Every structure is written in structure tokens, then in C-alpha cells.
Amino acid sequence: MADIFDVIIIGAGITGTSLLYMLSRFTNVKSVLLIEKYEGVATLNSSSRNNSQTLHFGDIETNYSLDKARKVKTISTLTLKYCMSLPDRFRKQVIEQCPTMVLAVGSEEVEQLKKIYESGLREVFPTLQNIDKGEIGKLEPNITAGRDPAEEISAITSGHGYMVNFGKLAETFIEDAKKNTKVEIKIIFNHKVVETKRTGDYFTVRTDGGEEFKGRFVDFSTGTYSLYFAKKAGLEKNLSILDIGGGFYESRRMLNGKVYRFQHSGIPFAAVHADPDINNPNVTRYGPTVKIPLSLEKGKGGTLLDYIRSFDFDLDTFTSLKNVFMEKNVRRIITKNMVYDIPGVGKRSFIKNEVNKIVPTLRINELKFDPNVGGIRPQILDEKTKRFAVGDDKIRGKGLTFNITPSPGASACVGNALVDAIDITKYLGLEFSRDNFDRMFETEAEKIYSSYS
Ligand SMILES: Cc1cc2nc3c(=O)[nH]c(=O)nc-3n(C[C@H](O)[C@H](O)[C@H](O)COP(=O)(O)OP(=O)(O)OC[C@H]3O[C@@H](n4cnc5c(N)ncnc54)[C@H](O)[C@@H]3O)c2cc1C
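Every letter in the sequence shown is one number past the one before it in my numbering, and letter 91, counting from 1, is 92.
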């Protein structure tokens, strides 16, 4: 085992494993250590049980600016290319095509969707169509069946999208990384990193069992914990996170594909949508719900202290939170979701306000909730603008990177890994093989890298 690893990656979710792949496949890094605190790969947000399994391209996010939509399209196309390059038997477990649309319900949403479609979105996504009730009914009969004829609906659709088992994809990245036998790869599970200290030109990473590992570069791919670690390293003063928990209901299969709802601007997380389940062709999932759990992991109250530390609470944090909660749409969503938690009326209210807006005929006894399914979206609060930031972010220090990954962080995994791998090789004086990357992904690594800088 290397005495000092070139790179230590902390966290074996989709972000950490895609970086392991990128380093092994496209750089001349000699040794990488991946440390994960749980017993396996992708047990938290990257597990297919805990997220919506959508490969996001920006065409179903009506809350994105056109620039953001373009960026998400470029980045997620890398992930799609990687998935499509897999041999048949793996690809089928990782990715599946499915019809995908954004549904507007009621005249106000129909009007707004049309405006967004016509004001540039269709130029960014040339196959995107704005379709009416009749066309919706042909694609998804259960959206129109039993609906009040007076209720206006419309949709936008690019025809198809993709569902991805991001947990399986993470496993595939590891298998692919190990194919390069010139790189020493060590993966250790059940080791929680508690401290990282710089000593000269390397870092010492200590785990809860008291073991120490040395690395020249440390990449925190620790999801909801990354901002906590960045603040611990004294690096980030202008961001905080507001954790938004999300759970899922399910019913028998009611829809052919993914049906997202119109998302209002200013809200960085998706409204409740309906999706097929890549693990079970017989069900439709509805979610994610919106909760404010005051913890960094679902069902783990013990993470409250770390959550508070990741706030680094001051006047800017207070003003940012105040602004966010003053936003009419945020307040509306949070209040609605508080009602969904009330025993007895909660489920009834959820089905009426959310599920029946998509599938009008679904009845309460057909809907099941699994409390063990779902995750936490670390929504970023930008204390400079005093608003939510949309999407994922990266904090870069000397020899350190911290990836904060709310949705669509899983879709962005290959792009995120590319940026980290270039940063790491630059820092270590090693090489990133741009030619090999450009050939495999049919794009220019440099362009993608500079769009992040
Ligand atoms: C409800 C919900 C729906 C979502 N839907 C989508 C979607 O449809 N499409 C999409 O693209 N994205 C979606 N996302 C976002 C996506 O799930 C995340 O962006 C992605 O999974 C983040 O991956 P990650 O590897 O960064 O974090 P995680 O998967 O959370 O992995 C972080 C890893 O770090 C480990 N770790 C943390 N602390 C330590 C420590 N101290 N020591 C060692 N290990 C540590 C954890 O155990 C974990 O394994 C959704 C998220 C949620 C919650």
C-alpha cells in the first residue's frame, strides 16, 4: 500500500466513484484511496431507492434559466455517453429510456409553460414540443382519464428521457476504474473520516477508528456533509445549506414514463412528480415530498450538530433564510408539506394536491408510503445573493475539493469528476489526457472545465 496516496476520495456515492473512474481512466495518477463510512457503495442519496432516478438534461426544469439548462444539457450528456458505452448486460441494469414530460395543470400554469417554451427553451432543445390534452392522452392515458373536462392541461416533451440506477452506475465506475492495473486503488468501507490535517505537502486523514491515511490531494465527495467539512477547513464563508428531505409514495404502474410538474422559478427543488421505478416495472413512484429535517442524513437525528456547524450562523445566514422563507412559493410548498405529515388528513391531502393532479383516478387505498425510502437534498443558500442557488456546487481549496450535490448532482457526476480530475492533476503536476477524454465523450474537456471556473 502506498505510504502517501496521490489522491484520497472521501465518500463512495456517485460523485466519489465517478472521480475514481476519471482519475484511473484519464490521468497518470499512481494511487487513489476511497474511504466510505458505510458498508457499501451508494447507500445514501445515490441509492436508486432514495432518488428519482432521472437523468436531467434541463428540458424538464421550468425553474432553470436558459444558461443553466444549456449547462445541465452539456454535463448530463457526458453521463449519458458513459452509460451508453457500457456493454449490454451492464447497460440494461444502469439506464433505460422512458417517455418524459412536464405537465402544466390549470390555466395559469398552462400559460406560463407556453411562455417558457417559446422564450428560448425550444431553441436549446430542438425536439421539445408543446402538446395539448389530446396528445397528452395518447402518450399517457391515465393523465386525462377521469379529469374534470374544464381543467386546462398542457405539457412539454422531448419524446423520451432516461431513468438511471445511479447506485449501479457507481458500482460500474469502480469496476471500470479497477481495469487500469497501473493505478493502485484501495477502497475501505466502514471508516468514517473525522479529521483532515495538512502536514507540509500532504494531508493526514484520520478516521473514527483512529487510523490515519496520507494523501497529497483530498476530495470530499461527501454529499450533504461536504459544506460541513469545507467550513471545518476554514474555506467557505458565503454558503450555507438548507436540507430538504424527500420521500416517495408508490402505486401500481399508472404511467408509461416520467411526468414532472411545472416548477416555479425561485424554487431550486422539483415539485412532486411521477416516475417509473427502474428496479420494479410494476410500480409508479410519486415524490419527492418536501421536509425540513434539521439533519444531514435521513432518519439520523445525531447529525444535527454537524448540520448546525455547516451553517456557521451569522447575520447573512439569517437574512438569507428569511428571504427564502418570505418567498411566496417556498412558504406555500412548506406549509402544504407540513399538512401532509398530519396523521389521517396528510395522505388524503397529498393525493388530492399532488398525485391526482397527475393521475386523477388514483384512490387513497392504492397509494403506499415507505418511510425508509428517500434522501436529503442539500439546497445551497448563497449568502451573497441571499437566495437559493440552483443545482450543485464545488468549493476548491489548496489540495482540497468539496462537492455539494443537490439534484441534479447525480446526473452531473461525470462532468463533476472531469473538473476535479483536471484540478487534481494540475495541483499534483501530473497529466489529464484530454485527447482520450475528448475521443470517448465526443466533446472538448477544456470547454467543460472552463464553464465551471
Ligand atoms: C429525493 C431526492 C431525489 C433526487 N433525484 C435526483 C434525480 O432524479 N436525478 C439526479 O441527478 N439527482 C437527483 N438527486 C440528487 C442526487 O441523488 C445527488 O446529487 C447524488 O446522489 C449525490 O451523490 P454524492 O455521491 O455526492 O452523495 P451521496 O450519495 O450522499 O454520497 C456521499 C457519501 O459520502 C459518505 N460520507 C459522508 N461523510 C463521510 C465521512 N465522514 N467519512 C466517510 N464517508 C462519508 C456517505 O456515507 C455517502 O456514501 C436527488 C436527491 C434526493 C434526495
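Even glycine gets a Cβ: it sits at the ideal position worked out from N, Cα and C. Quick caveat: nothing in here was measured; it's all calculated off a predicted structure.
I need the boundaries of the beta strand (DSSP E) containing LEU382, first residue and last residue.
376-383
DSSP three-state assignment for ASP276, whether helix, strand or coil:
ASP276 falls in the strand class under three-state DSSP.
ASP244 bridges to which residues according to DSSP?
PRO379
In whole angstroms, what is the alpha-carbon distance linking GLY410 and ARG217?
26 Å
For ILE352, which residues does DSSP report across the bridge?
Looking at the DSSP assignment, ILE352 forms no beta bridge with any residue, so it has no partner.
Sort ILE5, LYS139, ILE268 and LEU363 by Cα distance to THR158 and report the nearest one.
LYS139
Could you check whether the region 290-298 touches the region 217-236, counting it as contact only if at least three pairs of C-beta atoms, one from each stretch, sit closer than 8 Å?
Output reads yes: the region 217-236 touches the region 290-298.
What does DSSP give as the partner residue(s) for GLU196 in the beta ladder?
Beta-bridge pairing links GLU196 to ARG207.
Which one of LEU243, GLY288, LYS198 and GLU172 has the shortest CA to CA distance from LYS233?
LYS198
State the beta-bridge partners of PHE214 as determined by DSSP.
Note: PHE214 sits in a beta bridge opposite VAL206.
Does ligand 1 have even one heavy atom less than 8 Å from the beta-carbon of ASP278?
Incorrect: ASP278 has no Cβ contact closer than 8 Å to ligand 1.
Between GLY248 and THR208, which are expected to be in contact by the criterion C-beta below 8 Å, what is the C-beta distance as a whole number of angstroms?
By a beta-carbon distance limit of 8 Å, GLY248 does not contact THR208. Their separation comes to about 31 Å.
For ARG92: DSSP bridge partner residues
DSSP output for ARG92 lists no bridge partner at all.
Within 10 angstroms of its Cβ, does MET23 collect 16 or more other Cβ (buried), or is it exposed?
Buried, because 16 or more other Cβ atoms sit within 10 Å of the Cβ of MET23.
Segment limits, beta strand (DSSP E) that includes ALA460:
Past the edges of the chain, shown from 2 to 454, lies residue 460, and the structure says nothing about it.
For GLU384, which option in ARG364, VAL325 and VAL420 has the closest C-alpha, if you only look at C-alpha atoms?
VAL325
With hydrogens ignored, establish whether the beta-carbon of LEU295 is closer than 8 Å to any heavy atom of ligand 1.
no
Which same chain residues, not among the five before or five after ILE13, have their C-beta less than 6 Å away from its C-beta?
Here the sequence assigns Ala to residue 13, which means Ile is not the residue at that position. Within the same chain, ALA13 has close Cβ partners LEU35, GLU37 and VAL42.
Nearest residue (CA-CA) to ALA390, options GLY398, ILE396, LYS399 and GLN380:
GLN380
Could you tell me whether the Cβ atoms of VAL374 and ASN51 are closer together than 9 Å?
yes
Taking the continuous beta strand (DSSP E) assigned at PHE167, which residues delimit it?
Segment 167-179 is the alpha helix (DSSP H) holding PHE167; no beta strand (DSSP E) there.
Compute the Euclidean distance between the alpha carbons of SER412 and THR101, then round it to the nearest angstrom.
16 Å
Closest to ILE293 by C-alpha separation, out of PHE314, ASP276, LEU322 and TYR287, would be which residue?
LEU322
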